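Take any residue in the sequence shown, count from 1 to its spot, add 378: that is its number in the numbering used here. All residues carry an ideal CB built from backbone N, CA and C; glycine is no exception. Model, not experiment: these values are computed from the prediction. Structure first, commentary second.
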Amino acid sequence: MKNLISLLIFFLLAQGIIYSFQTNEDGLTILKSKKGFLFVFNDSLESFKIEIEGNKLIDIEPEELIFSIDNQIFQFTIVPISAFFSPYSNVDTLMQHFNFEMKYLVKELGINIPDFKPNKIMLPNGKYALFWEFEPILSKKDTSNETVIRHIFASIKTNRFVVLISSPLTKSNNFKTAKGKIQNALLTFDFIPFCYNLDELRKSLTRKKD
């Protein structure tokens, strides 16, 4: 498991530009929902929430926003748009972020990744998200069931941040199921320019269960 986490962290934490949320009611709160788990990121300037389907959640590295849901690892990376956005570019925000991440992987970490474009996922509110994947180059010695054989990513934006959801998959993960969980989660994404009322959210989730 440590090897699995390390492969994920090298991509997401190396740049040191991730926005920090504390794991308390003023930061990250995880609420049990009917379908799975509602992740609520509260901040006085802008907050967002997203629901991931599943039955069992394990905090792997909560300070780094790494969790396991039904044996699939998820990490949230919150990147300030100001860290990469160029107002002089004709490329939209999510594609600028994608290019920024890919450039770092190839140039700074020396990872060989084939040239590709992410898929655009249209959302019901008229917005869109990006989804992409790639398979790391493995040696013949990489036979462990914990070896990451595919990385999948999705990005979506608020007014201030790009929220990157990433999931490293091993042989024990079903790709179709893993991809479906992320794409279904994107449909639940919402953000507001203030904090969510957690008591009201808890009550609404309770009412849905009744």
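Straight-line measurement puts the Cα of V540 at about 8 angstroms from the Cα of H475.
The Cβ atoms of E431 and K554 do not sit closer than 8 angstroms to each other. CA-to-CA, the gap between F512 and I428 works out to about 24 angstroms. Three or more Cβ pairs closer than 8 angstroms define a contact, and the segment 434-451 meets that threshold against the segment 406-425. If the five residues before and after T471 are omitted, its C-beta is found closer than 8 angstroms to the C-beta atoms of I459, F463, K535, V540, all from its own chain and listed in chain order. Inside the segment 467-497, DSSP marks whole alpha helix (DSSP H) runs of 4 or more residues at positions 471-481, from first to last along the chain.
Around the beta carbon of E578, fewer than 16 other beta carbons lie within 10 angstroms, which makes this residue exposed. Considering only S550, F417, S533, the residue with the shortest C-alpha distance to F478 is S533. D421 is classed as buried because its beta carbon has at least 16 other beta carbons within 10 Å across all chains shown. Where A532 is concerned, the enclosing beta strand (DSSP E) starts and stops at 528-535. The beta carbon of K498 is closer than 7 angstroms to those of Y506, L508 in its chain, skipping five residues each way along the sequence.
Restricting attention to I530, N537, F567, R538, the CA atom closest to the CA of I451 is found in I530. Residue pairing by DSSP places A507 opposite I499 in a beta bridge. Look at G414 here: in three-state DSSP terms it is strand.
Taking each of R538, G504, E439 in turn and checking the Cα distance to P571, the smallest one comes out for R538.
Secondary structure at L423: coil, using DSSP grouped into helix, strand and coil.
DSSP, reduced to helix, strand and coil, places T555 within a helical segment of the structure shown.
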